[in-house]
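A.B. asks: Under the numbering used here, the first residue of the sequence shown carries the number 3, and numbering increases by one thereafter. For glycine and all other residues, C-beta sits at the position ideal for the given N, C-alpha and C.
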Amino acid sequence: MNIEFNGEIWFWKGPAPWYFVTVPEQECHELRAISGMVTYGWGMIPVQVRIGDSEWQTSLWPKDKRYIVPIKASVRRAEKLEEGDAVTIQLAVR
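1) DSSP three-state call for Val51: helix, strand or coil?
2) Comparing C-alpha positions only, which one of Lys74, Gly38, Asp66 sits nearest to Val51?
3) Determine contact between the segment 61-71 and the segment 14-31, defined as no fewer than three beta-carbon pairs at a distance below 8 Å.
4) Tell me the residue span of the beta strand (DSSP E) that contains Val89.
5) Given 8 Å as the limit, is there contact between the segment 37-49 and the segment 58-65, that is, 3 or more CB pairs closer than that?
6) Taking Glu29 as the reference, which of Gly86, Lys82, Pro17, Met3 has the closest Cα?
7) Using beta-carbon positions only, say whether Ile53 and Val89 come within less than 7 Å of one another.
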């Protein structure tokens with residue numbers, strides 16, 4: 003399954019701070035439909051992610067009945083991204 007969407011980068015200020023983009027509701031609905039076949043536990047879904055020229059493997063995290071995409075520091079630096087920036091994300095479920 004391949005998905006493309008636009009979202010805004012936000013910062014989680016917990017004990018292990020991290021940057022994320024929330025997957026839109028419609029795409030979350032599609033992901034939930036296949037999650038039982040691809041999750042490896044805790045509802046995590048393995049994906050290949052692309053933003054601009056950067057591509058990496060990670061997992062979608064379930065949060066508040068949606069999914070969030072963790073954005074690595076190396077990707078933020080390479081793409082010159084900051085909190086609040088709008089990005090286009092391409093996901094391929096692995």
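C.D. replies: Based on what the coordinates show:
1) By 1-based counting over the sequence shown, the position of residue 51 is 49. Looking at Val51 - three-state DSSP - the assignment turns out to be strand.
2) Numbered from its first residue, the sequence shown carries residue 51 at position 49. Val51 has its Cα closest to that of Lys74, out of Lys74, Gly38, Asp66.
3) yes
4) Position 87 of the sequence shown, counted from the first residue, corresponds to residue 89. Val89 -> beta strand (DSSP E) spans 88-95.
5) yes
6) What you label residue 29 is simply residue 27 of the sequence shown in a count that begins at 1. Taking only the C-alpha atoms, the option nearest Glu29 is Met3.
7) By one-based count along the sequence shown, residue 53 stands at place 51. By one-based count along the sequence shown, residue 89 stands at place 87. Yes, the Cβ-Cβ distance between Ile53 and Val89 is below 7 Å.
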